[in-house]
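The next block holds one structure in the form of structure tokens; read it before the comments.
Numbering (my numbering), first residue to last: 56 to 401.
Structure, rendered in structure tokens:
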């Protein structure tokens, strides 16, 4: 029996909501940064990581970006069609695949608000616990597959996750379609602004290098590295997808170049808009430059500046709250200015 359990899309009705960031390295993805549990880290380093990723990038490109970004474990790239999690229960494997969930929050007014989360998830399994739980299941029962997925979920050991930034067209699919349609979209269609080969290379570099330090990485801080001072003299590149303005009430997005350019005129240093495919090519070629990476996860916004060669996040600004804008504003640009100025004084 080959089950499609390599990814999960769960619909939940909850009265609370969790917050997720662009890159989170640690077992829980919440809380302050601390040392990664050594036993879990050692276990992970002893595994082979199975990558099960979207079909929109060809195998040769995946192999190149992984060879340039991932050395914390041996790894293997497997297509979604060929992957069956039940083939990897001996404890020697870790996994990186696409997953997601849909939450609904009931407001005091009685209105229901939808939240969509999709991400690249890095995890391991407690193989002994999972085998024990599976042994108790009856394959002849109608609820076998659901109970099997529950057993897998309860025996997961989280390592890291990279949150993806859905396009508005996908949001409509996620809210109205069956799980199988949603998952097919995630794996076969270009439905994320930040799912590009170069962007993935930098994301994987960050996860790989952060695990190497033995430190967790909590994404909800606002800080910067001394390296940020280089932007006083170097150009900040802005991928063109930042020109897309999202209207949360209509759940639609459209390009609004004039407004975003007006917003970024508040930036005190050199910047240049560039097609994300060109940025993608430059990252894969190993060029070193700095680029803006804006990701919105529902109403939370993550504004990062990335070193394209190392994948390091040299600036990060987490903007929370449903009452704040869904798009970048002048005040966010002014915060970058302020941090560059502070970096120059250090």
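Where a beta carbon is used, it is the ideal one built from N, C-alpha and C, also for glycine.
Q) Between the Cα of residue 160 and the Cα atoms of 381, 353, 216 and 185, which residue gives the shortest distance? A) For this step, residue 160 is matched to residue 105 along the chain shown. Measuring from the Cα of residue 160, the nearest candidate turns out to be 353.
Q. How many whole angstroms separate the CB atoms of residue 324 and residue 286, which I take to be in contact at a CB cut-off of 8 Å?
A. To locate residue 324, count along the chain shown from 1; it is residue 269. To locate residue 286, count along the chain shown from 1; it is residue 231. That belief holds up - the Cβ atoms of residue 324 and residue 286 are roughly 6 Å apart, short of 8 Å.
**Q.** Selection from 387, 369, 284 and 282 that minimises the alpha carbon distance to residue 315
**A.** Within the chain shown, numbered from 1, the residue matching residue 315 stands at position 260. Taking only the C-alpha atoms, the option nearest residue 315 is 387.
Q: Apply the 10 Å Cβ neighbour rule to residue 235 and answer buried if 16 or more other Cβ atoms are within range, or exposed otherwise.
A: Reading the chain shown from its first residue, position 180 is the one you call residue 235. Classification of residue 235: exposed, given that the 10 Å Cβ count is below 16.
Q | Backbone CA spacing between residue 108 and residue 227 [nearest angstrom] | A | Mapped onto the chain shown, residue 108 falls at position 53. Mapped onto the chain shown, residue 227 falls at position 172. Using only the alpha carbons, I get a separation of about 22 Å.
Q | Alpha-carbon to alpha-carbon, residue 195 and residue 296 | A | Taking the chain shown and counting its residues from 1, the one referred to as residue 296 is at position 241. Taking the chain shown and counting its residues from 1, the one referred to as residue 195 is at position 140. Those two C-alpha atoms are separated by around 49 Å.
**Q.** Euclidean distance between Cα positions of residue 359 and residue 152
**A.** Here residue 359 refers to the residue found at position 304 of the chain shown. Here residue 152 refers to the residue found at position 97 of the chain shown. Each residue's alpha carbon lies about 23 Å from the other.
Q. Between which two residues does the alpha helix (DSSP H) containing residue 382 stretch?
A. As a first step, residue 382 is located in the chain shown; it is residue number 327 there, counting from the start. Per DSSP, residue 382 belongs to no alpha helix (DSSP H) and is neither H nor E.
Q | Alpha-carbon spacing of residue 210 relative to residue 93, whole angstroms | A | Taking the chain shown and counting its residues from 1, one reaches residue 210 at position 155. Taking the chain shown and counting its residues from 1, one reaches residue 93 at position 38. Cα-Cα distance, rounded: 18 Å.
Q | Start-end ranges of the beta strand (DSSP E) lying completely within the stretch 167-212, minimum 3 residues | A | Within the stretch 167-212, the runs of beta strand (DSSP E) that reach at least 3 residues and sit entirely inside it are, in chain order, 167-180.
Q: Count the CB pairs spanning the stretch 241-252 and the stretch 124-133 that are closer than 8 Å, and state whether there are at least three.
A: By the C-beta criterion, the stretch 241-252 is judged not to be in contact with the stretch 124-133, since fewer than 3 inter-stretch pairs fall below 8 Å.
Q: Might you give, ordered along the chain, the residues of its own chain that have their beta carbon closer than 8 Å to the beta carbon of residue 392, omitting 5 neighbours on each side?
A: Locating residue 392 in the chain shown gives position 337, where the first residue counts as 1. Hits under 8 Å: 321, 322, 323 and 324.
Q: Hey, could you find the ends of the beta strand (DSSP E) residue 104 is sitting in?
A: To locate residue 104, count along the chain shown from 1; it is residue 49. Counting along the chain, the beta strand (DSSP E) containing residue 104 begins and ends at 103-107.
Q) Taking the alpha helix (DSSP H) that residue 242 falls in, what are its first and last residues? A) For this step, residue 242 is matched to residue 187 along the chain shown. Residues 234-243.
(Q) Using a Cβ distance threshold of 8 Å, determine whether the stretch 245-264 contacts the stretch 95-104, with at least three qualifying pairs required. (A) Too few Cβ pairs lie closer than 8 Å, so no.
**Q.** Three or more C-beta pairs below 8 Å linking the stretch 367-374 and the stretch 275-283
**A.** Here the stretch 367-374 makes contact with the stretch 275-283; the two share three or more CB pairs at distances below 8 Å.
Q. At what residue ranges does the stretch 309-382 contain a whole run of the alpha helix (DSSP H), taking only runs of 4 or more?
A. Within the stretch 309-382, the complete alpha helix (DSSP H) segments of 4 residues or longer fall at 312-319 and 331-339, listed in chain order.
Q: On the DSSP bridge assignment, give the partners of residue 151 in chain order.
A: One-based indexing of the chain shown puts residue 151 at position 96. DSSP lists 106 and 177 as partners of residue 151.
(Q) Would residue 369 and residue 282 be called neighbours here (beta carbons separated by less than 8 Å)? (A) Counted from its first residue, the chain shown places residue 369 at position 314. Counted from its first residue, the chain shown places residue 282 at position 227. Yes, the pair counts as a contact, with Cβ atoms nearer than the cut-off.
Q. If you run the structure through DSSP and keep just helix, strand and coil, what is residue 118?
A. Numbered from 1 along the chain shown, position 63 holds the residue referred to as residue 118. Helix, per DSSP.
Q) Near residue 103, which residues of its chain fall below 8 Å by C-beta distance, leaving aside the five closest residues on each side in sequence? A) In the chain shown, residue 103 corresponds to position 48, counting from 1. Answer for residue 103: 128, 129, 130, 131, 147, 148 and 149, listed in chain order.
Q: Closer than 8 Å by C-beta to residue 192: which residues in its own chain qualify, once you throw out the five before and the five after it? Chain order, please.
A: Position 137 of the chain shown, counting from 1, holds the residue named residue 192. Listed in chain order, the non-local C-beta contacts of residue 192 below 8 Å within the same chain comprise 199, 202, 203 and 206, local neighbours out to five positions each way being set aside.
Q: Report the three-state DSSP secondary structure of residue 91 (helix, strand or coil).
A: Position 36 of the chain shown, counted from the first residue, corresponds to residue 91. In the structure shown, residue 91 falls within a coil segment according to DSSP collapsed to helix, strand and coil.
Q: For residue 329, collect the residues of the same chain with a Cβ closer than 6 Å to its Cβ; drop the 5 residues on either side in sequence, then sort them by chain order.
A: If you number the chain shown from 1, residue 329 lands on position 274. Only 292 meet the Cβ criterion.
Q. Going by the beta-carbon positions, is the gap between residue 155 and residue 173 smaller than 8 Å?
A. Here residue 155 is taken as the residue at index 100 of the chain shown, counted from 1. Here residue 173 is taken as the residue at index 118 of the chain shown, counted from 1. Taking 8 Å as the Cβ cut-off, residue 155 and residue 173 qualify as a contacting pair.
Q. Which stretch, first to last residue, makes up the beta strand (DSSP E) that contains residue 131?
A. Taking the first residue of the chain shown as 1, we reach residue 131 at position 76. For residue 131, the uninterrupted beta strand (DSSP E) segment begins and ends at 130-132.
Q: Leaving out five residues on either side along the sequence, give the residues of the same chain with a beta carbon under 6 Å from the beta carbon of residue 327.
A: Sequence index remark: in the chain shown, residue 327 carries index 272 (1-based). Cβ-Cβ distances below 6 Å link residue 327 to 290 and 292 in the same chain, with the five nearest sequence neighbours on each side left out; the list follows chain order.
Q. Residue range of the beta strand (DSSP E) that residue 293 falls in?
A. For the purposes of this step, residue 293 is identified with residue 238 of the chain shown, where counting begins at 1. Under the DSSP assignment, residue 293 falls in the beta strand (DSSP E) whose first and last residues are 291-294.
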